[in-house]
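Engineer: Take a look at this one; I'll ask things after.
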Amino acid sequence: MKYKHLILSLSLIMLGPLAHAEEIGSVDTVFKMIGPDHKIVVEAFDDPDVKNVTCYVSRAKT
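Reading the sequence shown from the start, the letters are residues 4 to 65 in our numbering.
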């Protein structure tokens, strides 16, 4: 059982760079005088298997 989880985890890590994201936009949420501002970034991933299907993901970027 542990080996299945290990193989699945390694497979997902290796497939991560294959996905290409297009950044739709970003919004600053916190202004910081020193260092980068906190942002929320919206990205779009096109599904390579299904035509005309896009997954939109919003995530915090600090």
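Think of the CB as a built atom: it goes at the ideal place given N, C-alpha and C, for glycine as much as any other residue.
#1: Is the closest heavy atom of the ligand SAM to the C-beta of F48 under 8 Å?
#2: Using C-beta distances below 8 Å, list every residue in its chain close to D50, excluding the 5 sequence neighbours before and after it, in chain order.
#3: With a CB to CB cut of under 7 Å and the five nearest residues on each side skipped, what residues in its chain are close to D40?
#4: Suppose the cutoff is 7 Å on Cβ atoms and the five residues either side in sequence are ignored; what does the same chain contact list for E25 look like?
Structural biologist: This is what the structure holds:
#1: No copy of the ligand SAM appears in this structure; indeed no ligand is present at all.
#2: Taking the first residue of the sequence shown as 1, we reach residue 50 at position 47. If we look at D50 and ignore the five residues flanking it on each side, its Cβ neighbours are V56, T57 and C58.
#3: Numbered from 1 along the sequence shown, position 37 holds the residue referred to as residue 40. Taken in chain order, the residues that qualify are D31, V33 and F34.
#4: Reading the sequence shown from its first residue, position 22 is the one you call residue 25. These residues qualify, in order along the chain: E46 and A47.
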